[in-house]
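Asker:
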Amino acid sequence: MIKFENLTKTFHGIPAVDNINLSVPPGSVFGFIGPNGAGKTTTIKMMVGVLKPTKGNIFINNMDMLKEATRIKMSLGFIPDRPFLYEKLSGVEFLKFKAGLYGIAANAIDKKIVDLLNIFELTDWADELIESYSHGMKQRLIIASAIMHDPKVIIVDEPMVGLDPSGAKLVKEIFLDRTKKGDTVFMSTHTLSLAQEICGLIAIVDKGRILACGTYEDLKHQTRTEGNLESIFLRLTKGDKDSEGI
């Protein structure tokens with residue numbers, strides 16, 4: 002469960018996130034989309050405890066970010082758009098390091114790592130230094146490390162960056178499989194076709210505000226648009242009256 006109450010973040014008096022109220026149910030892939038500068042990354046930084054709200058609050062997994070930030074961080078899986086990797090470690094060493102941070106039981110770590118390396122098709126590279134990995138392999142390793150403690154909420158910023166079609170398909174399947182188990186994936190992406198394909202709920206944001214929120218069909222109805230998500234997005238953020246169905 003994710004909930005925003007009057008969530009606001011200002012910089013020098015200018016709102017980057019402007020009084021957002023939002024509730025994301027468990028067991029869903031939630032798309033958080035908007036143009037550059039819409040406030041998406043600022044929102045995510047508040048969700049993972051990097052920034053504090055100027056006003057309002059965030060609740061994740063029934064915990065209050067203002068009171069239980071450390072517990073929330075331990076319960077999340079976070080996949081940033083620009084992940085940091087210790088490239089002088091091997092893939093196995095990096096996953097063991099992350100397992101230690103999450104407090105995974107020592108007797109469970111080895112099997113967990115073997116399973117993840119197999120799922121993300123990294124077994125053959127397990128003992129190679131990360132500096133030798135391709136960009137797509139590094140992205141798969143980051144995603145593997147983010148879900149190794151079985152978080153109930155996964156926060157993702159541009160998950161498909163650098164992935165080839167096979168890798169992208171794998172990651173989509175993993176996200177959808179986790180939602181079937183009741184987990185929630187909160188995903189920010191500029192790839193609108195991806196959001197339309199896998200997100201059960203979508204919020205379109207601009208200038209720190211939510212312009213529309215709901216299922217893809219809800220958004221079509223709200224905007225009187227019969228086109229795809231790109232048409233809806235442009236209609237709301239650009240006032241594009243030439244979009245299909247307008």
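Here the numbering used here is used: the first residue of the sequence shown is 2, the next is one more, and so on.
Note that beta-carbon positions come from the ideal geometry of N, C-alpha and C, so glycine has one too.
Everything numeric in this text was worked out from a predicted model, so none of it was measured.
Would you list the residues sitting across from P16 in a DSSP beta bridge?
Answerer: Along the sequence shown, one-based indexing puts residue 16 at 15. T11, per the DSSP bridge assignment.
Asker: Does V162 come out as helix, strand or coil in the three-state DSSP assignment?
Answerer: Taking the first residue of the sequence shown as position 1, residue 162 is located at position 161. DSSP places V162 in coil when its eight states are reduced to three.
Asker: Would you mind listing the beta strand (DSSP E) stretches within the region 160-196 that are 3+ residues and don't spill past its ends, in chain order?
Answerer: Fully enclosed beta strand (DSSP E) runs of 3 or longer: 185-189.
Asker: Name the DSSP bridge partner or partners of M64?
Answerer: Working through the sequence shown from its first residue, we reach residue 64 at position 63. Looking at the DSSP assignment, M64 forms a beta bridge with I61.
Asker: Out of E129, I233, F121 and F60, which one is the CA nearest neighbour of K173?
Answerer: Position 172 of the sequence shown, counted from the first residue, corresponds to residue 173. Of the candidates E129, I233, F121 and F60, the one whose C-alpha sits nearest the C-alpha of K173 is F121.
Asker: Which whole-angstrom value is the C-beta distance of I143 and I199, which I expect to be below 8 angstroms?
Answerer: Here residue 143 is taken as the residue at index 142 of the sequence shown, counted from 1. Here residue 199 is taken as the residue at index 198 of the sequence shown, counted from 1. In fact, because the Cβ distance is near 19 angstroms, the residues do not count as touching under 8 angstroms.
Asker: Evaluate A109 with the Cβ neighbour count: other Cβ atoms within 10 Å of its Cβ, from every protein chain shown; 16 or more gives buried, anything less gives exposed.
Answerer: Taking the first residue of the sequence shown as position 1, residue 109 is located at position 108. A109 is exposed by the Cβ-count criterion.
Asker: Does the region 54-62 come close enough to the region 5-14 to have 3 or more Cβ pairs within less than 8 angstroms?
Answerer: Judged by Cβ distances under 8 angstroms, the region 54-62 makes contact with the region 5-14, as three or more pairs qualify.
Asker: Would the region 112-129 count as touching the region 38-56 if we require 3 or more Cβ pairs under 8 angstroms?
Answerer: Result no; under three Cβ-Cβ pairs closer than 8 angstroms.
Asker: With 16 as the cutoff for other CB atoms within 10 Å, does L237 come out buried or exposed?
Answerer: Along the sequence shown, read from residue 1 onward, the residue named residue 237 stands at position 236. Answer is buried; the Cβ neighbour count reaches 16.
Asker: Please state whether DSSP places N22 in a helix, a strand or coil.
Answerer: Position 21 of the sequence shown, counting from 1, holds the residue named residue 22. Here N22 sits in strand by DSSP.
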